[in-house]
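When the letters of the sequence shown are read in order and numbered with our numbering, they come out as residues -13 to 166.
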Amino acid sequence: MAQNDPPFLVVGKVLRPHGVRGELRLQVLTSYPERLKHLATALLVRDVDAPDDAQRYPVERARLHQEFAILKLEGIEDRESAETLRNYLLAVPLDEAVPLEPEEFYVFQLIGLEMVTDADLVLGTVTDILETGANDVYVVHSERYGELLIPAIEPVIQKIDLENRRIIITPLPGLLPDIA
């Protein structure tokens, strides 16, 4: 784990109680939802940057239901107790995260990277990543162009260099206002 890495990865968000017996309905925020069915311990945090406030609960059972996860935590026995956990984030320690394939990256690794063209024109800094369904889109704050939306597709993204904190792209025609 690098020095600036977050201590946790968020994999879900408690939306509301599910039923009257203390179950929680969670929005799934991971590309690996199946892992939620095998959680032994739920780590619930209000703020991933405040790990000391994390609450740990043994997981009695977990299942996927449509696009949601349903968790039953030990000690949460009724709807009122479950309600107190609304909007908490379900996190996993970074060192327990699902290992990524080569050329896969966590969002936090890409935010803040400098984006440059293959002609060495600095475009700006990645500030957000939009998940569109077809492909991700990198939001780049650029002093020259304002906000740029760069599709994370093979013909555009040439190299993601975490060591040098850069993403090198080949702009498609029309992607940048002054480059045909």
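Note that CB positions come from ideal geometry on N, CA and C, so glycine has one too.
- Straight-line spacing of the CA atoms in V31 and D39 works out to 6 Å.
- Here L116 has V123 as same chain residues with Cβ atoms under 6 Å from its own Cβ, once five neighbours each way along the sequence are excluded.
- Here the alpha carbons of V102 and L57 stand approximately 43 Å from one another.
- Taking the Cβ atoms as the reference, L50 lies roughly 15 Å from K(-1), outside the contact range of under 8 Å.
- In the structure shown, V93 adopts helical secondary structure according to DSSP, grouped into three states.
- In this structure, E100 lies near R152, with their beta-carbon atoms less than 7 Å apart.
- Judged by DSSP secondary structure, S128 falls within the beta strand (DSSP E) whose first and last residues are D122 to S128.
- In the DSSP assignment, E117 falls within the beta strand (DSSP E) that extends over V108 to E117.
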